[in-house]
Each structure stands twice: as C-alpha cells, then as structure tokens.
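Numbering (the numbering used here), first residue to last: 62 to 640.
Beta carbons are placed, not taken as given, at the ideal position from N, Cα and C, and that holds for glycine.
To keep things clear, I will list the structure first and then write my remarks on it.
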Amino acid sequence: MFSDIDKLNEDAWNLRNSNTSEALRLCQNALLKAQDQNYTRGMADSLVTMGFCQFRLGNYQEALVTAAQALELFEALSDLAGRQKTLNTMGIIYGQSGDLASALKTFLQVQKLCQNSGDQDAEANALNNIGIIYKMLGEPTNALEYHLKSLPLYEATGLEQGALRTLQNIGTVYDDIGNHQEALKYYEKSLEKQNKEEDPVTYGLTLSNIGICHRKLGIFDKAFEYQDQSLKIMERIQDRLGESFVLDEIGLSYFDMKEPEKAIDYLEKSLAIKHAIGDRKHTATTCLHLGAVYLELKEGHKAIKTFQEALSIVETIQAKNELYKSHHGLAKAYKLIHSHQLAFEHLSKYTELREAFHAEVSDQRFHALRVSYEVEQAEKEREIYRLKSVALAQANMELTQLKNQLEKLANEDPLTGLYNRRVFNEKLETEFKRVQRFDGPMSVMICDIDSFKKVNDTFSHAVGDEVLKTVAKIFKTNIRSIDTVARYGGEEFVILLPETQAKEAYTICDRLRQLVETYPWHKIHKDLSITMSMGVCDDTHSKDAHEMISKADHTLYAVKHNGKNHVRIWDSQQASVLA
62 MFSDIDKLNE
72 DAWNLRNSNT
82 SEALRLCQNA
92 LLKAQDQNYT
102 RGMADSLVTM
112 GFCQFRLGNY
122 QEALVTAAQA
132 LELFEALSDL
142 AGRQKTLNTM
152 GIIYGQSGDL
162 ASALKTFLQV
172 QKLCQNSGDQ
182 DAEANALNNI
192 GIIYKMLGEP
202 TNALEYHLKS
212 LPLYEATGLE
222 QGALRTLQNI
232 GTVYDDIGNH
242 QEALKYYEKS
252 LEKQNKEEDP
262 VTYGLTLSNI
272 GICHRKLGIF
282 DKAFEYQDQS
292 LKIMERIQDR
302 LGESFVLDEI
312 GLSYFDMKEP
322 EKAIDYLEKS
332 LAIKHAIGDR
342 KHTATTCLHL
352 GAVYLELKEG
362 HKAIKTFQEA
372 LSIVETIQAK
382 NELYKSHHGL
392 AKAYKLIHSH
402 QLAFEHLSKY
412 TELREAFHAE
422 VSDQRFHALR
432 VSYEVEQAEK
442 EREIYRLKSV
452 ALAQANMELT
462 QLKNQLEKLA
472 NEDPLTGLYN
482 RRVFNEKLET
492 EFKRVQRFDG
502 PMSVMICDID
512 SFKKVNDTFS
522 HAVGDEVLKT
532 VAKIFKTNIR
542 SIDTVARYGG
552 EEFVILLPET
562 QAKEAYTICD
572 RLRQLVETYP
582 WHKIHKDLSI
592 TMSMGVCDDT
602 HSKDAHEMIS
612 KADHTLYAVK
622 HNGKNHVRIW
632 DSQQASVLA
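Structural data, given as structure tokens:
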C-alpha cells in the first residue's frame with residue numbers, strides 16, 4: 062500500500078552522500094505523500110533522511126530539529142531500529158557542527174540501546190562512531206580503544222564492510238598523530254580484504270587514503286597513482302562528493318611538489334563540484350586550499366577573493382575552525398598587496414577567533430569527559446542498586462577514583478603534566494580581577510618553540526614530544542612559586558607572572574629563554590637545537606584578561622617575524638623593546 066513512499070525514502074537514503082540535493086528532493090516528496098496518507102513510518106523515514114541532507118548542506122540547526130521530529134515519531138511507533146538510526150544521524154550532525162560533547166552523549170545512548178536490544182551490528186556502528194568523536198576531540202588513545210572494540214563485533218556478525226570501515230578509521234587515527242607508516246598498514250590491510258565491485262565507495266576511499274599517506278610521506282608518484290585510481294572509481298559510480306575530495310588531494314599533492322598552476326586546476330574542478338551539489342562546508346575548505354596556492358604565487362587579489370568566499374560561507378554555517386583560518390588567509394593576502402590596515406584587522410580577528418576556538422575545544426574535551434563519566438556513573442549506580450551492601454561500598458570507591466582521575470584529566474595537559482589552557486585562563490581571570498581591584502602590577506607571557514614543525518618533520522614526532530616535555534620541565538623548575546605555567550596548545554606555553562612589571566618579567570622570561578637555548582639537546586638527538594620566542598604584556602589597563610593574552614600573542618607574532626629567539630614587551634605602538 063505504501064510501497065511507492067518506501068521506495069522514495071530508500072532511494073533518498075542511498076543518495077544522501079553522493080547527490081544530496083536530489084536526495085533532499087526525493088525525501089521531501091515522500092514526506093508529502095506520507096502526510097497525505099497518514100503513513101507515520103513513512104513520515105519518520107522521510108524526516109531522518111531530510112535531517113541528514115540538511116546537515117550535508119550546512120543547515121545544522123534545521124537538521125537537528127528535523128531529526129528530533131523523526132525521533133519522536135519512531136518513539137511513538139516503538140521502532141527501536143528507527144530510534145537507533147535517528148540518534149546515530151543526530152550524533153553525526155552534532156559531531157560535524159562541532160558539538161562534540163553532545164555527539165559523544167548521543168552515540169553512547171545508541172550503544173546502550175543496542176546492548177539492551179542485543180543488536181550487535183548497530184552496537185558495532187555506535188562504538189565505531191564513539192571512536193570517531195574521540196578522534197575529533199584529540200584523544201587518539203580513546204579513539205583506538207573504541208575502534209578496536211567495534212572490530213570483533215563486526216567480524217562476529219559477519220559485517221565485513223563494517224570491519225573494513227573500522228580498519229580505515231584506525232588508519233586515520235594514526236594518520237592524525239603523524240604516524241603515516243602505521244596508517245598505511247591499516248589502509249593496505251583494509252584494501253586487501255575488499256572487492257571493488259561489491260563496495261566501490263569504500264574501495265575508492267581506501268585508495269585515496271593510501272594516496273594521502275604517500276603524499277604526506279613525500280612519495281608523490283605513488284600518491285598520484287592511488288589518487289588516479291580512486292578518481293576513476295568515483296567518476297564511474299558518480300559519487301560527486303567523493304570525486305571532489307580526490308581532486309582536492311591531487312591538487313594538494315601538486316602544491317606540495319611546488320607546481321601551483323596544476324594545483325589550481327584540480328582545486329578549481331573540485332570547487333565546481335562542491336558548488337554544484339551545495340556542500341558549503343567542504344566548499345569553504347577547498348577555498349582555503351586554493352587561497353593558499355594563490356598566496357604562494359603572490360597573486361594577492363585572487364587570494365583575497367577566494368578567502369572572502371570561504372569567510373562568507375563559514376560565517377553563515379559557523380564552522381569555527383575554518384572561520385579563523387579564513388581570517389588568517391585574508392591577513393596574509395592583504396599584507397601581500399600592502400593593504401596593511403586590513404591585514405592587521407584580519408590578523409586581530411584571526412588571533413581572537415583562534416584563541417576562542419582552542420578554548421572551546423578544551424571545554425569540549427572537559428564536557429566530553431564529563432559526559433563519559435556521567436554515563437559510566439549511571440551504569441554504576443544501576444549496578445550498585447542491584448548488588449547493594451559490599452558491592453555498594455566497592456562501587457563508591459571506584460566512583461571516587463574515577464572522579465579524581467577526571468579532575469586530573471580536566472586540569473592537566475597529558476603530555477607535559479603542566480596546567481592546561483582552561484585552568485590557566487581561570488587563574489588569569491582571577492588574577493586580572495584582583496589587579497583591577499588593588500591596582501597592582503601583573504604580566505603575562507606567551508611563547509612557542511621556534512621552527513617546531515621542522516623538529517617533528519626532521520627528527521620525528523617522538524623527538525618533538527620529548528622536546529615539549531623538556532621545555533615544560535625547564536619552565537616548571539625555574540619559575541617562581543607565585544607564577545603559573547601552562548601548555549596553551551601545540552608548541553605554545555604561557556606563564557602568569559603576578560606582582561610583576563615589564564622589566565622584571567623580561568628578566569625572568571629571558572632567563573628561561575637562555576636556559577632552553579643552552580640545554581644539552583644533543584642528549585635527545587645529536588643534531589637537535591632548540592630556541593624560543595616570547596611575547597610579554599603587562600598592560601593591566603586592557604579591557605579584560607583575554608586582551609592581555611592577545612597583546613602578548615601579537616608581540617610574539619612580531620618576534621617570530623623579526624629574527625625569533627628573543628623576548629619582546631608589548632606597548633601600544635609595538636615599538637618598545639627591552640633587550
């Protein structure tokens with residue numbers, strides 16, 4: 062009776078990635094027919110697909126509202142599979158929109174639903190998605206743990222495609238942390254198990270991922286070989302979005318090979334496809350790549366036009382990572398054409414947004430830990446109720462240990478053992494307010510390791526990690542008891558110096574700089590040497606604590622562009638240097 066509606070919904074779901082606009086048209090048509098015939102299941106299926114399509118087109122809030130309507134209908138139908146599918150879709154939307162804590166909570170809900178229903182297939186998918194969210198949170202250990210949990214479930218239920226996707230995801234975790242050789246092993250293991258005729262999408266994606274690893278390893282002939290194979294598959298199956306991703310990668314390979322004209326050709330082809338299918342977020346990403354190529358070619362006006370397109374998109378969809386990167390590109394482009402005022406305005410916006418983004422990521426990690434803790438706590442409370450007496454005492458002890466561990470994870474940077482960005486910002490805000498009340502001095506310093514990317518690229522990420530830990534130890538050992546040092550992100554460190562004016566701050570910071578420079582780095586690697594650049598601000602008349610950090614960061618930026626390896630103090634003209 063409703064077969065025509067079910068067929069429309071099935072076709073729409075299958076097209077949701079390859080032709081999102083057409084999928085949206087089909088499910089909207091299905092929804093109208095289902096409403097006319099009062100077919101609740103058809104309405105629910107239409108709405109969940111519609112929510113997914115709206116998300117792909119960058120309408121995140123609208124997508125969540127639509128998916129919530131689908132969830133309500135599936136719950137009214139007591140349709141467990143529909144609930145799982147819709148919650149899974151909502152988790153994906155949360156994740157891609159940047160609300161990682163909500164994404165994690167949603168996927169954990171899906172996992173519990175699947176455990177209760179005994180649906181191992183769906184549980185494997187949920188575990189895999191939880192791993193993806195932990196990867197996005199910058200927690201590779203947790204990501205690998207959940208991916209490795211999902212793998213045996215896929216294998217036990219005979220879901221070969223799920224197992225192959227998990228191998229892919231494990232590869233991307235290793236790729237993200239810079240272990241491209243290990244990533245390559247998992248991608249190649251996945252490829253060996255695949256049949257390109259049965260699942261050409263996964264096969265083409267795997268080829269592209271192998272190509273990406275070869276590009277990052279500098280093996281460009283292999284990178285082009287695998288990307289070319291992937292492109293042919295995407296073209297044959299008419300996966301337009303997949304085709305555009307491969308074109309991006311080919312363009313980036315040419316860019317890395319210092320052949321910008323060829324890079325532009327492929328990136329523009331990718332951009333045309335994304336414009337055609339209406340994928341706004343990935344359109345912005347390609348614009349950022351293209352703008353970087355124009356900067357390399359010193360074509361400032363073209364770079365400005367491209368970065369402006371990216372900016373206009375990401376301002377609309379609030380893609381915060383791409384937002385601050387767009388301003389950074391515009392700052393460089395305006396500087397290239399000697400429009401220094403506009404360059405400075407975009408640089409200031411970049412600094413402000415980058416700081417806000419990293420602070421939000423830190424908060425997301427904290428909230429995600431809280432979500433994980435709360436879910437685990439709820440499970441333990443149910444167990445406590447069942448076991449009672451002795452088991453109750455044991456469970457309470459475990460909860461206390463977990464709480465202590467959570468507090469430590471929430472406050473510390475896991476690599477260096479220093480305070481993290483969130484804790485530092487809280488201490489800075491408290492000290493700034495105290496200074497405002499009593500009109501005393503205060504300084505803040507931000508610094509980073511000079512040419513740290515070169516350290517990682519030349520000596521390995523393991524050496525880079527040892528450098529970060531050693532710098533942290535030098536700072537922690539040699540600051541005063543009243544000072545606070547933290548890892549601010551990447552190779553950046555910050556120090557709060559209470560009751561300290563600029564001249565004294567300069568002395569303290571320059572001593573730290575010299576200790577870093579003269580440290581026997583050859584103990585870590587015989588060819589290794591490390592220096593640091595530092596920006597200091599003591600302007601307590603700033604409007605707030607974050608402005609002080611911003612001024613210190615601007616000063617650091619000036620140091621980096623004027624010789625590195627020295628300390629500079631902020632003033633309103635950026636001209637006063639104590640040296």
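Handout entry: Residue ranges of each alpha helix (DSSP H) within the stretch 107-150, 4 or longer
Key = 121-137
Exercise for the section: Rounded to whole angstroms, what's the CA-CA distance from residue 547 to residue 481? Just pull it up for me. Expected result: 6 angstroms
Exercise for the section: Give me whichever residues DSSP pairs with residue 504 in a beta bridge. Expected result: 558.
Problem - Residue from 162, 202, 338 whose Cα sits closest to the Cα of residue 117 - result: Nearest option by C-alpha distance: 338.
Problem - Residue range of the alpha helix (DSSP H) that includes residue 609 - result: Here the alpha helix (DSSP H) through residue 609 covers 606-621.
Exercise for the section: Report the three-state DSSP secondary structure of residue 548 (helix, strand or coil). Expected result: strand
Exercise for the section: Leaving out five residues on either side along the sequence, give the residues of the same chain with a beta carbon under 6 angstroms from the beta carbon of residue 331. Expected result: 305, 308, 309, 347
Handout entry: Distance between beta carbons of residue 203 and residue 168, contact taken as under 8 angstroms
Key = Residue 168 to residue 203, Cβ: 13 angstroms. No contact.
Practice task
Taking 8 angstroms as the cut-off, decide whether the C-beta atoms of residue 172 and residue 188 are in contact.
Solution key: yes
Practice task
Can you give me the start and stop residues for the beta strand (DSSP E) that residue 629 sits inside?
Solution key: Unbroken beta strand (DSSP E) run through residue 629: 628-630.
Handout entry: Cβ shell of residue 411 (< 7 angstroms), same chain only, five flanking positions each side left out
Key = 385, 388, 389, 392
Problem - Reference residue 102; option with closest CA among 580, 280, 68 - result: 68
Practice task
Can you give me the start and stop residues for the beta strand (DSSP E) that residue 595 sits inside?
Solution key: Residue 595 -> beta strand (DSSP E) spans 593-598.
Exercise for the section: Could you pull out every residue in the same chain whose Cβ sits closer than 6 angstroms to the Cβ of residue 74, ignoring the five residues on either side in sequence? Expected result: Cβ within range, chain order: 110.
Practice task
Check whether the Cβ atoms of residue 151 and residue 128 sit closer than 8 angstroms, and answer yes or no.
Solution key: yes
Handout entry: Proximity below 8 angstroms, CB of residue 556 to CB of residue 544
Key = yes
Practice task
Please decide whether residue 614 counts as near chain D, where near means a Cβ-Cβ distance under 8 angstroms.
Solution key: Considering every chain present, this structure includes no chain D. It has just one protein chain.
Handout entry: Sub-8 angstroms separation of residue 124 and residue 108 beta-carbons
Key = no
Handout entry: residue 509 (DSSP reduced to helix, strand or coil)
Key = strand
Problem - Where the alpha helix (DSSP H) containing residue 316 begins and where it ends - result: 301-317
Practice task
Could you pull the start and end residues of the alpha helix (DSSP H) that residue 332 belongs to?
Solution key: 321-338
Problem - Buried versus exposed call for residue 503 [16 or more other C-beta atoms within 10 Å across all chains shown] - result: buried
Handout entry: Cβ neighbour criterion (16 or more within 10 Å) applied to residue 458
Key = exposed
Handout entry: Identity of the residues DSSP links to residue 645 by a beta bridge
Key = Here the chain has residues from 62 to 640 only, and residue 645 is not among them.
Handout entry: Collapsed DSSP secondary structure at residue 360 in the structure displayed
Key = coil
Practice task
Could you spell out the range, first to last residue, of the alpha helix (DSSP H) harbouring residue 385?
Solution key: 381-397
Handout entry: Nearest-angstrom Cα separation, counted from residue 227 out to residue 217
Key = 14 angstroms
Practice task
Could you check what DSSP says for residue 200 in three-state terms: helix, strand or coil?
Solution key: coil
Problem - Under the three-state DSSP convention, the category residue 643 falls into - result: This structure gives no information on residue 643, because the portion of the chain shown stretches from 62 to 640.
Exercise for the section: Could you work out which residue in 242, 285, 291, 159 is closest to residue 264 when comparing CA atoms only? Expected result: Residue 291 is the option with its Cα nearest to residue 264.
Handout entry: Straight-line Cα distance separating residue 144 from residue 96
Key = 20 angstroms
Problem - Cβ-heavy atom distance, residue 166 to the ligand SAH, below 7 angstroms - result: The model on display carries no ligand, and the ligand SAH is accordingly not part of it.
Practice task
Taking residue 74 as part of the alpha helix (DSSP H), name the residues at either end of that continuous run.
Solution key: 64-76
Problem - Integer-rounded CB distance, given that residue 297 should sit under 8 angstroms from residue 334 - result: Between residue 297 and residue 334 the Cβ distance is about 15 angstroms, and since that is not below 8 angstroms, they are no contact.
Handout entry: DSSP-derived helix/strand/coil call for residue 624
Key = coil
Exercise for the section: Decide if residue 242 is buried, meaning its Cβ has at least 16 other Cβ atoms within 10 Å, or exposed. Expected result: Sixteen is the threshold: since fewer than 16 other Cβ atoms of the shown chains lie within 10 Å of the Cβ of residue 242, the residue is exposed.
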